[in-house]
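Participant: Heads up: the sequence shown is residues 16 to 178, going by this note's numbering. Here a beta-carbon is modelled for each residue, glycine too, at the ideal position from N, C-alpha and C.
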Amino acid sequence: MDISRKADYALRILSILATSESDLLSVRVAAEQVDVPYSFARSIQHGLAQAGIIESLRGVHGGMRLKADPSELTIYQILEAVQGPFAINECTVPENECPRKPSCCFHPLWLGAEALMRDYLSSITLADVVTWGKFPAVDEKFTDRSAFMTYADCSSLRACTRP
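(1) Quick check on Leu72: buried or exposed, where buried means 16 or more other Cβ atoms within 10 Å of its Cβ?
(2) Using CA atoms only, rank isn't needed, just tell me which of Arg57, Lys21, Pro85 is closest to Thr140.
(3) Are the region 92–101 and the region 56–75 touching, with three or more C-beta to C-beta distances below 8 Å?
(4) Three-state secondary structure (DSSP) at Ala174?
(5) For Ala128, which of Ser138, His61, Phe163 has the nearest alpha-carbon?
(6) Are the CB atoms of Leu63 and Leu39 nearer to each other than 9 Å?
(7) Let's test the definition: count the other Cβ atoms within 10 Å of the Cβ of Gly107 and tell me whether it reaches 16, buried, or not, exposed.
(8) Rounded to whole angstroms, what's the CA-CA distance from Ala102 to Ile18? Just pull it up for me.
(9) Of the residues Pro123, Glu87, Cys113, Arg43, which one's Cα is nearest the Cα of Arg57?
(10) Run the CB neighbour count on Val75, radius 10 Å, all protein chains shown included, and call it buried at 16 or more, exposed below.
(11) With a 10 Å radius around its C-beta and 16 neighbouring C-beta atoms as the bar for buried, classify Ala33 as buried or exposed.
(12) Helix, strand or coil: which one does DSSP assign to Ile69?
(13) The beta strand (DSSP E) with Gly77 in it runs from where to where?
(14) Go ahead and label Val51 buried or exposed: buried means 16 or more other beta carbons lie within 10 angstroms of its beta carbon, across all protein chains shown.
(15) Could you check how far apart the C-beta atoms of Thr89 and Leu136 are, in whole angstroms? I think they sit under 8 Å.
(16) Between the C-alpha atoms of Ala25 and Phe121, what's the straight-line distance to the nearest angstrom?
(17) Between Gln48 and Ile59, is the Cβ-Cβ spacing less than 9 Å?
Right under this line is the structure:
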C-alpha cells in the first residue's frame, strides 16, 4: 500500500476546504496553495466530486466546496475515493487469485496489516486531522497477539492449520 501523490494532494486540498472560511475555493487557488500543477488539481477535483466528497460549481465565480461533513469523512474514505480499493498486497485483492494463497504463511500477515490500516484510517476523520480534535490511537485488539486470527482470517489456508 502506497499513499500516492494524488492522495496526498487530495488530502491537502480537502484540508484547505475544511478550514476555509469562504464558501468556494477555486481549483487554481487550491493548486497554487498545495503546489500542484493545475491540470493535476483538476483531475483530483473531478475524482473527489465523483465520490461525492466535494461539489463543483462552474463559471467565473465557481469553485469547489466540501459536500461531505469533515467530522464524518474518514481518511480511509478519502484514500479509497482517490486511489481505489485498499489493498496492502496484490494477494489480498478479492479479484486476484494468487496460486500460492492456499499454502502461503504470509497471506494472513497481509490481511492483518490491511485490517490494521483500514481500522486505523477509518477511525480518523478529516476534521480530526485538520483541527487536532483528537489524537487517534491504534485499536488495542491489534496489540493482543492472541487476537490475530480474529481479524486475519485464514481458516482456509493449509499453512495456518498446524497440529
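Facilitator: In brief:
(1) Under this definition Leu72 is an exposed residue.
(2) Comparing alpha carbon positions, the residue from Arg57, Lys21, Pro85 closest to Thr140 is Pro85.
(3) Contact between the region 92–101 and the region 56–75 is present, because at least three Cβ pairs lie under 8 Å.
(4) No answer about Ala174 holds up, because its pLDDT of 48 lies below 50 and its placement is not dependable.
(5) When each option's Cα is compared against that of Ala128, the closest is Phe163.
(6) Here Leu63 is not near Leu39, since their CB atoms are 9 Å or more apart.
(7) Note on residue identity: the sequence assigns Thr, not Gly, to residue 107. Residue environment for Thr107: buried (at least 16 other C-beta atoms within 10 angstroms of its C-beta).
(8) Between the C-alpha atoms of Ala102 and Ile18 there is a straight-line separation of about 11 Å.
(9) Considering only alpha carbons, the answer is Arg43.
(10) Counting other Cβ atoms within 10 Å of its Cβ, Val75 stays below 16 and is therefore classed as exposed.
(11) Buried: at least 16 other Cβ atoms inside 10 Å.
(12) For Ile69, the three-state secondary structure derived from DSSP is strand.
(13) That residue, Gly77, is in no beta strand (DSSP E); it is neither H nor E in DSSP.
(14) Buried, because 16 or more other Cβ atoms sit within 10 Å of the Cβ of Val51.
(15) Sure, about 7 Å apart at Cβ, within 8 Å.
(16) Using only the alpha carbons, I get a separation of about 32 Å.
(17) The Cβ atoms of Gln48 and Ile59 lie no closer than 9 Å to each other.
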